[in-house]
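Asker: Below is a structure I'd like to ask you about.
4 protein chains.
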Amino acid sequence: MNITVWNEGRHEKSIPRVTQLYPGGLHAVIASFLKPVAEGSLIRTATLDEPECGLTQDVLDSTDVLLWWGHMAHDEVPDEIVERVYTRVMQGMGLIVLHSGHLSKIFCRLMGTTCRLRWRDDTYERMFCVMPSHPIAQGVPEHFELGVEETYAEFFDIPQPDELIFTSWFDSGETFRSGCTWHRGYGKIFYFQPGHETNPSFNHPTIQKIIQNACRWAAPVNTRQDFSCPQMVPSLEEIRASK
Amino acid sequence: MNITVWNEGRHEKSIPRVTQLYPGGLHAVIASFLKPVAEGSLIRTATLDEPECGLTQDVLDSTDVLLWWGHMAHDEVPDEIVERVYTRVMQGMGLIVLHSGHLSKIFCRLMGTTCRLRWRDDTYERMFCVMPSHPIAQGVPEHFELGVEETYAEFFDIPQPDELIFTSWFDSGETFRSGCTWHRGYGKIFYFQPGHETNPSFNHPTIQKIIQNACRWAAPVNTRQDFSCPQMVPSLEEIRASK
Amino acid sequence: MNITVWNEGRHEKSIPRVTQLYPGGLHAVIASFLKPVAEGSLIRTATLDEPECGLTQDVLDSTDVLLWWGHMAHDEVPDEIVERVYTRVMQGMGLIVLHSGHLSKIFCRLMGTTCRLRWRDDTYERMFCVMPSHPIAQGVPEHFELGVEETYAEFFDIPQPDELIFTSWFDSGETFRSGCTWHRGYGKIFYFQPGHETNPSFNHPTIQKIIQNACRWAAPVNTRQDFSCPQMVPSLEEIRASK
Amino acid sequence: MNITVWNEGRHEKSIPRVTQLYPGGLHAVIASFLKPVAEGSLIRTATLDEPECGLTQDVLDSTDVLLWWGHMAHDEVPDEIVERVYTRVMQGMGLIVLHSGHLSKIFCRLMGTTCRLRWRDDTYERMFCVMPSHPIAQGVPEHFELGVEETYAEFFDIPQPDELIFTSWFDSGETFRSGCTWHRGYGKIFYFQPGHETNPSFNHPTIQKIIQNACRWAAPVNTRQDFSCPQMVPSLEEIRASK
């Protein structure tokens, strides 16, 4: 399984705390804890300031699961790159959208809604698993303490998830649907709320476990190449005539 | 629309605070605020200690929506009555299960799961609406303060709801899927978490509004009388031959 | 309830059979059988070749439910009009997409998928109701004969419907998910497959019944005006301090 | 992964064609093609006429995925065995219900509906995949020819599936939701329609592939042992006090 971790990579350039928490940037740390999932296959990273955002057609064509972290520069991702990612999801590529990626062009494009939510600065977060039978929840307890995290709150304007796996509680008085899946085309999408750039959530072992599980779940099971109008099913008469 | 409010009615006999909050019992108060929904039709109440639990075949056959509140005596509802209610849901009757009714025989029968949850005594509850486009949410704000209520917490062992409409936040550190719908047979079911017998939730105008909306939503749109193996669809050849 | 029926209106100009079947155009006939739903409110029609496609901001702002029929000229609908409709769905407006509208810009925009399907020319269609408890199925039998209709077949590349209400059988060997709902933002969407321009489906009483039901179901229950980042929920401390 | 294939095993005793098609019985053939899935673990079979239906507590406790084929003797399965299977599903065991098992006690118990459907004798069946991104569809084409099979038709009285993966077309004029999943407790359930005892569907390579996939999908990801009221989540105050 080939995994590509995309990170906007801008906060790393201006906020020292980000690279203190995440040496080499968020993408480097995420790629690092995903090594056990790739099992010898490619784990690559890509960032906004690379040519073509690091997401050339070749890179995407050889990516099974793409992770996406973005925040302050969603608008700087060219529409052409967004369509390239969109097409790959239609073809079967898995997509895992992290934290503030909820307002990325690609997530909004796939959801068909505004994807807006309420938020406030750091409070304290606890996560609950509401679908323990789901592969993304494998080995995850029914609830666990995440600790300090940016607060996201409902109403989160997303399509009703195909599966709601995690909900979150915040000390300041909010709930949030924090782990959600959708099927789109031949691809699968997982949105996961933790991961503000100045908080240590990506160093939390249960968060790492969940993202590892999500990569395995999101890997393609079938792929589609052709997007022209699909060939008609032969009629029964045609089938019988051909025998 | 004929509505029947079923209440176990036992706490009312031993805890003075219940009838102080709810004169005449929970069923009387609930029936009272549902009058605008019935619009001249029957609103009846029924309790555990009446003959046949107040749910004779005649009563059920003329009920469009049944509300269910039970807590300490779930096991005393005879299986025969449970099957009678179950059959009516299959036929199209709406069912609204309130608060501790989550462990009632009829709810577990319709869900096919244990319906267990975590709980603790009163803390403070705030509700969020996560599906504002649903008719049960009509006129309900995106969030509102419920106040003191018994704490229910995940993991709530229910089938994934067809629609998750409300989630709740509790001061002591819990979230809960507090307003959920399911389709079963020709009937519709709404589970709604507020309503501990010693708390004033049923006097809260937004809670009343939600339960009123739920009755309108749960009313039958089609009904089924026959439970034997349904007649086969005529084959096209039969249809053509008959013309 | 104000209803607007949008029709591309091009086939009417070149294929005599269309206006023979549907005098005044598809929009005129659809608007006509929706009169009982509007109950004295506005029923308007709009077509592609009117200024702004007939969908001025004023028209959309006063529309509760929009119906959409398009086929050969999806690309001629300006993106600006598509965004206008999209914004209205986010705000709460209901949208009913008919037949070949599955490839309209607005439907693809709201689904986040290609919305492609298999098709062949006219065969014979029979519809089945798989969710008889849904308000859109009110008064609709468990199966009924539609007759000659253009054949649509799976795989239909849509997000898993929130509710699958109708499935269809075609004589030539195909099945199709022919009646589907989704929630998007504050709005509700119903896709319904029958209605090729040279077939009489919109004159079929059960099809008319279903579209009438769908209008009632899709009407807004709540509306949203503001799309900036929503105001944060007050923290409990703030609430307590304010009392 | 330990797999147990349960088969009623009665038709095999009276209809020669069954054992001609399926030497050793349906259970033997199904167990045979599941060997690649178990990868060295136990594959066992169990039938109605064995003591305790072959489903002793020990057998069930060591079963990860149970397959169920029954038809003429659903009522002869003792309620005690049904509850034993039910409890194991709540604990996490996967359950795959085949063909006429739709009326088995255990399936109805888990669904909470009548699970009735329309049917007629053999016609010709074609299957469509409507969720190609699902692991149960891995390697399965968008449509394939099943051939002669007993006809099942809507309305199939089941809860709306969590995932609808396959739909079927029958020559005589019917559609059917033929591959459906549900989550119940910690367990996962797959219903799959093909497999009448006198038809060769279980010898069809794509059918075998789907059932193999379903076993992998249904295997437990987490398990639950305790069914008493779960321990409360510690409050934040308790957590902070303990540090």
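Chains as they are written, first to last, in our numbering: chain A, 5 to 247; chain B, 5 to 247; chain C, 5 to 247; chain D, 5 to 247. Where a beta carbon is used, it is the ideal one built from N, C-alpha and C, also for glycine. Please read these numbers as outputs of a predicted model, since none were measured by experiment.
1) From the DSSP output, which residues share a beta bridge with ARG21/D?
2) How about THR67/B and ASN11/B: do their beta carbons lie closer than 8 Å?
3) Taking only the alpha-carbon atoms, compute the straight-line gap between LEU59/C and THR49/C and give it to the nearest angstrom.
4) Please compile the residues from chain A whose C-beta is within a distance smaller than 8 Å of the C-beta of GLN229/C.
5) Can the beta-carbon of LEU102/C be found closer than 8 Å to that of PHE160/C?
6) Output the distance between the C-alpha atoms of GLN229/B and GLU146/C, rounded to the nearest integer angstrom.
7) When the distance is taken between beta carbons, is GLY189/C closer than 8 Å to MET3/C?
8) What would DSSP say about ARG244/C, mapped onto helix, strand or coil?
9) What residues from chain A crowd round CYS119/B, counting only those whose CB sits closer than 7 Å?
10) Pick out whichever of MET131/C, PRO82/C, THR23/C, ARG122/C has its Cα sitting closest to the Cα of SER108/C.
11) Assign MET135/A to buried or exposed, taking buried as 16 or more other Cβ atoms, counted over all protein chains shown, within 10 Å of its Cβ.
12) So VAL152/A is in the alpha helix (DSSP H); what residue range does that whole segment cover?
13) Please tell me whether, using a cut-off of 7 Å, the distance from the CB of THR179/A to the nearest non-hydrogen atom of the ligand NAP is below it.
14) In whole angstroms, what is the alpha-carbon distance linking CYS133/B and ASP175/A?
15) Closest to LEU70/C by CA distance: which of ILE47/C, ILE214/C, GLU87/C is it?
16) What residue range is occupied by the uninterrupted beta strand (DSSP E) comprising SER182/D?
17) Where DSSP assigns a beta bridge to VAL9/C, which residues make up the other side?
18) Does any residue of chain C bring its CB to less than 8 Å from the CB of ARG88/A?
19) Which chain B residues sit within Cβ distance under 8 Å of MET135/C?
20) Which residues in chain D sit within 7 Å of ARG248/B, going by Cβ to Cβ distance?
21) Can you give the Cα-Cα distance for LEU224/A and LYS192/C, rounded to whole angstroms?
22) Determine the DSSP secondary structure at VAL101/B, reduced to helix, strand or coil.
23) Rounded to the nearest angstrom, how far is the Cβ of VAL86/A from that of ILE110/A, given a contact under 8 Å?
24) Please list, in chain order, the chain D residues whose beta carbon lies closer than 9 Å to that of HIS78/A.
25) Go ahead and pull the three-state DSSP assignment for GLY191/A.
26) At 8 Å on the CB atoms, spell out the chain C contacts of TYR249/B, in chain order.
27) Please report whether the beta-carbon of GLN95/C lies at a distance below 8 Å from any beta-carbon of chain A.
28) Mind checking LEU203/A: buried by the 16 CB within 10 Å criterion, or exposed?
29) Taking the C-alpha atoms as reference points, what is the distance between VAL152/D and HIS200/D?
30) Take PHE4/D and list the residues in its own chain whose beta-carbon comes closer than 8 Å to its own, dropping the five residues that flank it on each side.
31) Bridge partners of TRP123/C, per DSSP?
32) Looking at the strands, I want to know which residues DSSP matches up with MET131/A.
33) Just how far apart, CA to CA, sit ARG181/A and ILE215/D?
34) For ARG297/D, which residues of its own chain have a beta-carbon under 7 Å away from its beta-carbon, when the five flanking residues on both sides are left out?
35) Does HIS208/D come within less than 8 Å of chain A when only Cβ atoms are used?
36) Along the alpha helix (DSSP H) that carries ASN226/D, what are the first and last residues, could you check?
Answerer: Based on what the coordinates show:
1) DSSP links ARG21/D through a beta bridge to no other residue.
2) By the CB criterion at 8 Å, THR67/B and ASN11/B fall outside the cutoff.
3) CA-CA distance, LEU59/C to THR49/C, rounds to 9 Å.
4) Those within 8 Å of GLN229/C in chain A number zero; the least Cβ separation is about 13 Å.
5) Result no, Cβ atoms of LEU102/C and PHE160/C do not sit closer than 8 Å.
6) In this structure, the alpha-carbon of GLN229/B lies about 13 Å from that of GLU146/C.
7) Because residue 3/C is not part of the residues shown, which for chain C are 5 to 247, the question remains open.
8) In the three-state reduction of the DSSP assignment, ARG244/C falls in the helix class.
9) What CYS119/B touches in chain A: nothing, since even the nearest Cβ is about 14 Å away.
10) Ranking MET131/C, PRO82/C, THR23/C, ARG122/C by Cα distance to SER108/C puts PRO82/C first.
11) Burial check for MET135/A: the Cβ neighbour count within 10 Å reaches 16 or more, so the residue is buried.
12) Unbroken run through VAL152/A is the beta strand (DSSP E), 147-157; no alpha helix (DSSP H).
13) As far as ligands go, the structure on display features none, and thus does not contain the ligand NAP.
14) Whole-angstrom Cα-Cα distance: 19 Å.
15) Comparing Cα-Cα distances from LEU70/C to each of ILE47/C, ILE214/C, GLU87/C, the minimum goes to ILE47/C.
16) It spans 178-188 - the beta strand (DSSP E) in which SER182/D sits, taken as one unbroken run.
17) Residue pairing for VAL9/C: DSSP places it in a beta bridge opposite THR49/C, LEU71/C.
18) The Cβ of ARG88/A sits no closer than 8 Å to any Cβ of chain C.
19) Simply HIS187.
20) This structure cannot settle anything about residue 248/B, because the visible part of chain B is limited to 5 through 247.
21) Here the sequence assigns Pro to residue 224/A, which means Leu is not the residue at that position. Looking at the two C-alpha atoms, the distance is approximately 30 Å.
22) The answer is strand: DSSP assigns VAL101/B an E or B state.
23) Contact check for VAL86/A and ILE110/A: beta-carbon distance about 5 Å, within the 8 Å limit, so the pair qualifies.
24) Ordered by position in chain D, no residue passes the 9 Å Cβ test against HIS78/A, which lies about 26 Å from the chain.
25) DSSP places GLY191/A in strand when its eight states are reduced to three.
26) Coverage of chain B is limited to positions 5 through 247, which leaves residue 249/B absent and any answer about it impossible.
27) Chain A contact via Cβ: absent.
28) Checking the sequence shown, residue 203/A turns out to be Asn, not Leu. Counting of Cβ neighbours within 10 angstroms places ASN203/A among the buried residues, the total reaching 16 or more.
29) Going from the Cα of VAL152/D to the Cα of HIS200/D covers about 10 Å.
30) Outside the displayed range of chain D (5 to 247) lies residue 4/D, so it cannot be described from this structure.
31) The bridge partners DSSP lists for TRP123/C are TYR156/C.
32) Beta-bridge partners of MET131/A (DSSP): PHE148/A, SER172/A.
33) Within the model, the alpha-carbon separation for ARG181/A versus ILE215/D is close to 33 Å.
34) Past the edges of chain D, shown from 5 to 247, lies residue 297/D, and the structure says nothing about it.
35) Taking Cβ atoms only, chain A never reaches closer than 8 Å to HIS208/D, which makes this a no.
36) For ASN226/D, there is no enclosing alpha helix (DSSP H), since its DSSP letter is neither H nor E.
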